[in-house]
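One line per chain: the protein sequences are A and B, in this order. This note's numbering numbers the first residue of the first sequence as 204 and each following residue consecutively. This note's numbering numbers the first residue of the second sequence as 4 and each following residue consecutively. For each residue, glycine too, the CB sits at the ideal point set by N, CA and C.
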Amino acid sequence: MDFLFRGLAKAIELLVSLDREVVQIAWLTVCVSGASTLIALALGMPLGVLLALRAFFGRRLLMALVNTGMGLPPVVVGLFVAILLWRSGPLGGLNLIYTPTAMVIAQVIIALPIVAGVSMAALQQVDPMVALQARALGASRWQALWAVLQEARLPLLAAIMAAFGSVVSEVGAVLMVGGNLKGDTRVLTTAIVLETRMGRLEMAIALAILLLVLSFAMNLVLTRIQQKGTGGAPFRCWR
Amino acid sequence: MLEVRNIEQRYGGRRVLGVPFFRVGRGERLVLLGPNGSGKSTLLRLLSLVEMPTQGEVWHDGTRVDAGNSLAIRRRFALLLQKPVFFRGTVLSNVTYGLRLRGLPSEEIKGRLDKAAALFAIGALLSRRVDQLSGGEAQRVNLARAFIIQPEILFLDEPFSALDAPTREELLLELRRIVMETGQTTVLVTHHREEAAFFGTRLAVMLGGAICQEGAVEEVFSMPATDAVARLVGVETVLAGKVTTNDGELLAVSVGSQTFFVPGDGEPGEDVLVCVRPEDVFVSRYKPEGSVRNWFEGTISDLRPYGRTLGLTLECGFRLRALVTPSAFRELSLALGAQAWAGVKATSIHLIRRGGRSSITSQL
């Protein structure tokens, strides 16, 4: 147990002293996972809206694909993105392999079905009369959609949390397409793996704590936005 | 003001509404009366432009409504749904929702809010969350958020149907007062004939996705054009009969072994329906002297309490429904199985030509 306490002490020291390498790794993690989540949100939310609110040919098949995608193994995503971006692969000419962009692409593929799937389920739970009520009071099509999104705000923000949580903690895909290059593509998860393998447990523990703090901070912000105006426990019988 | 021409609405290929022509005039208190599934809410949604018809045209003040102008015209209206749907937040944010959509300046919103809050007595509720409202409060807030828009036409889809009777009566009374004071053009959908009679100036009766009859409320109530409309407007006795004689003043109409005398101009041998409203039937223990031409003796076969009155059925060769007050029932020593007399004034009877829509006579 001694090494664990030493690890914790070292972690605190690294964090307090804002160790340059640790800060650089943490910043890249925020950038890659943040960008992936935002892109997944931009693509996945409209897809979820489309699947939830519009009827079209192939909708159920697409729903099934999205739901399957929610459980996509990151390592499989990493494998296929790596094959595509590999120097001799179909998109090799783009020279993206072992770059943060490649890591973002892989993480978007992981997060997109989560955002789309949770959004779809969230919007399907909204009373269909909300849109009608909005239109009845003069809302345009987009204003009515906004009213529906507002009603699904809690689960939609949960979708963002789930997406960010899945990509920030993911290691297989970023390792395969990013290569864990120091200073270039090393993020918290890949760094933890590396430091553990090398026996530098203090560093690994420091990075792990940082990853937890980062994840918690992000979710704290989103939870505050999510719970704003809900007035606490919604069920009177449990107050 | 607002017209629909040859409209048809289909859901999934199923035709739910077909109306050749219908008009809402300025200042009218129009009521769409019909049973569930008669298409009245669908017509309301088409009139209020929240839905567009599968076929046909909607015209507003001489302008045909199309995709380009429908939002601008719809924003002149407000539609209240049967069950109030509130958006997450406070009463205040819900009441001002329609105004914020229209981009009104905050001073204007404040001014209108104050007026609406006073009109509907919701000032104390404004800071409350909408999920903390009672049924009556919720409907009051619902009315306020529609009125605050100051719509050209206010569309109300059975707004009080989910409320208890006293609250419903209170709100209907209040709504009628406000609508009359403000001269608000209103279209109310209801399946309660009492609501229709109390609220409306004009009535359209809907059945099976079509308008069966429209006219002034008193006219439709006293001269229903078909037996279905008659039953819907509260005529509980509709009897198949045949005109036997016409002496120029009164028709004699035989119903089974009995004869009704009714003013009108039908032809002998003509098949008709005899419509008698229960409130137009006098009940007596003995045959009274008087000018009433139609007296029938029978046995009381059914008794039903209708709130403040009792509904009874008299078997007198046909079934005649009548209403009596509980005190009259006691004073007349009436009882289930007892013999009694029922009288109907000739002018209170309405005849319908069988298979036709036009009536022969009317209540005078």
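Positions along the segment 335-356 of chain A whose CB lies within less than 9 Å of some CB in chain B
Residues Leu-335, Gln-336, Ala-337, Arg-338, Ala-339, Leu-340, Gly-341, Ala-342, Ser-343, Arg-344, Gln-346, Ala-350, Gln-353, Glu-354 and Arg-356.
Is the segment 174-182 of chain B touching the segment 12-26 of chain B, taking contact as three or more C-beta pairs under 8 Å?
Short answer: they don't touch.
From A:Ile-317 to A:Thr-240, what does the alpha carbon distance come to, in whole angstroms?
Computed Cα separation, rounded: 10 Å.
Look at the alpha carbon of A:Val-219 and the alpha carbon of A:Ile-395, and state the distance between them as a whole number of angstroms.
Answer to the nearest angstrom: the Cα atoms are 18 Å apart.
Would a check of beta-carbon distances place B:Ala-88 closer than 8 Å to chain A?
Per the sequence shown, the amino acid found at residue 88 of chain B is Val instead of Ala. Judged by the 8 Å Cβ criterion, B:Val-88 is in contact with chain A.
Buried or exposed by the 16-neighbour rule on C-beta atoms within 10 Å, applied to A:Ile-215:
Residue environment analysis places A:Ile-215 among the exposed positions, since fewer than 16 neighbouring C-beta atoms fall within 10 angstroms of its C-beta.
Three-state class that DSSP yields for B:Tyr-309 in the structure shown:
Strand at B:Tyr-309.
Residue span of the alpha helix (DSSP H) that contains B:Phe-224, given as start and end:
That run of the alpha helix (DSSP H) goes 220-225.
Determine contact between the segment 219-237 of chain B and the segment 319-328 of chain B, defined as no fewer than three beta-carbon pairs at a distance below 8 Å.
Below 8 Å, too few C-beta pairs join the segment 219-237 of chain B and the segment 319-328 of chain B to call them touching: fewer than three.
With 8 Å set as the bound, which would you pick, yes or no: does the beta-carbon of B:Val-19 sit closer than that to a beta-carbon of chain A?
Not one beta carbon of chain A lies nearer than 8 Å to the beta carbon of B:Val-19.
Please check if any C-beta of chain B sits within less than 8 Å of the C-beta of A:Val-451.
Given that chain A is displayed from residue 204 to residue 442, the structure contains no residue 451 of chain A and the question cannot be resolved.
Check whether the segment 271-282 of chain B touches the segment 242-258 of chain B, counting contact only when three or more Cβ pairs, one atom from each stretch, lie closer than 8 Å.
A contact exists between the segment 271-282 of chain B and the segment 242-258 of chain B.
Start-to-end residues for the beta strand (DSSP E) that takes in B:Met-209
The continuous beta strand (DSSP E) containing B:Met-209 extends over residues 205-210.
Can you check which of these residues, B:Leu-191, B:Thr-188 and B:Leu-235, is closest to B:Gly-211 by C-alpha distance?
The shortest C-alpha separation from B:Gly-211 is found at B:Leu-235.
Strictly under 8 Å for the Cβ-Cβ distance: is B:Ser-130 near chain A by that measure?
Not one chain A Cβ lies under 8 Å of B:Ser-130.
Looking only at its own chain, which residues have a Cβ that is under 6 Å from the Cβ of B:Ser-361, when we skip the five neighbours before and after it?
Because B:Ser-361 carries a pLDDT of 45, less than 50, the predicted location of this residue cannot be relied on, and no value is offered for it.
A:Val-424: buried (16+ other C-beta within 10 angstroms of its C-beta) or exposed?
Counting every other CB atom within 10 Å of its CB across the protein chains shown gives A:Val-424 a total below 16, marking it as exposed.
So which residues on chain B does A:Val-333 lean against when the C-beta distance must stay under 8 Å?
Here the neighbours are Val-88 and Phe-90.
Using the Cβ count rule (16 or more neighbours within 10 Å means buried), how would you classify A:Thr-393?
With 16 or more Cβ atoms within 10 Å of its Cβ, A:Thr-393 is classed as buried.
Quick test of the definition: if touching needs 3 or more C-beta pairs under 8 Å, does the segment 375-390 of chain A touch the segment 280-295 of chain A?
In short, these stretches touch, since the Cβ pair count reaches three.
Cβ neighbour criterion (16 or more within 10 Å) applied to B:Asp-283:
By the neighbour-count rule (16 or more Cβ atoms within 10 Å), B:Asp-283 is buried.
Assign B:Met-183 to one of two classes, buried (16 or more other C-beta atoms within 10 Å of its C-beta) or exposed (fewer than that).
Under this definition B:Met-183 is an exposed residue.
Can the beta-carbon of B:Ser-287 be found less than 8 Å from the beta-carbon of B:Leu-317?
Against a cut-off of 8 Å, the Cβ pair of B:Leu-317 and B:Ser-287 comes out as no contact.
Bridge partner(s) assigned by DSSP for B:Val-20
The residue you asked about is not Val; residue 20 of chain B is Leu in the sequence shown. Beta-bridge pairing links B:Leu-20 to B:Gln-12.
Tell me the DSSP secondary structure of A:Pro-249 in three-state form.
Here A:Pro-249 carries a helix assignment [DSSP, helix/strand/coil].
Hey, does B:Ala-81 have any beta-carbon neighbour from chain A nearer than 8 Å?
True, the Cβ-Cβ gap to chain A drops below 8 Å.
Inter-stretch contact (C-beta, 8 Å, three-pair minimum) for the segment 145-163 of chain B and the segment 92-99 of chain B
The segment 145-163 of chain B vs the segment 92-99 of chain B: in contact.
Going by alpha carbons, who is nearest to B:Val-194 out of B:Val-327, B:Asn-9, B:Ser-41 and B:Ala-349?
Looking at the sequence provided, one finds His at residue 194 of chain B rather than Val. Closest by alpha carbon: B:Ser-41.
Counting Cβ pairs, one atom from each stretch, are 3 or more of them under 8 Å apart for the segment 128-144 of chain B and the segment 74-94 of chain B?
Between the segment 128-144 of chain B and the segment 74-94 of chain B there are three or more C-beta pairs closer than 8 Å, enough to call the two in contact.
Rounded to whole angstroms, what is the Cα-Cα separation between A:Gly-375 and A:Met-248?
Computed Cα separation, rounded: 25 Å.
Residue from B:Ser-164, B:Ile-355, B:Glu-270 and B:Phe-332 with nearest C-alpha to B:Pro-308:
The candidate whose alpha carbon is nearest that of B:Pro-308 is B:Phe-332.
Could you spell out the range, first to last residue, of the alpha helix (DSSP H) harbouring B:Ile-112?
109-122 is the span of the alpha helix (DSSP H), which, as asked, contains B:Ile-112.
Contacts of B:Thr-115 in chain A (Cβ-Cβ under 9 Å):
It is worth fixing the name first, because residue 115 of chain B is Arg in this sequence and not Thr. Per Cβ cutoff of 9 Å: no residues; B:Arg-115 is ~14 Å from chain A at best.
How many Å lie between B:Phe-299 and B:Gln-142 at the Cα?
Roughly 47 Å separates the two Cα atoms.
Per-residue DSSP class, three states only, for B:Leu-317
It is a strand residue.
Just to confirm, are B:Gly-237 and B:Leu-254 a CB contact at a threshold of 8 Å?
With a cutoff of 8 Å on beta-carbon distance, B:Gly-237 and B:Leu-254 are scored as not near each other.
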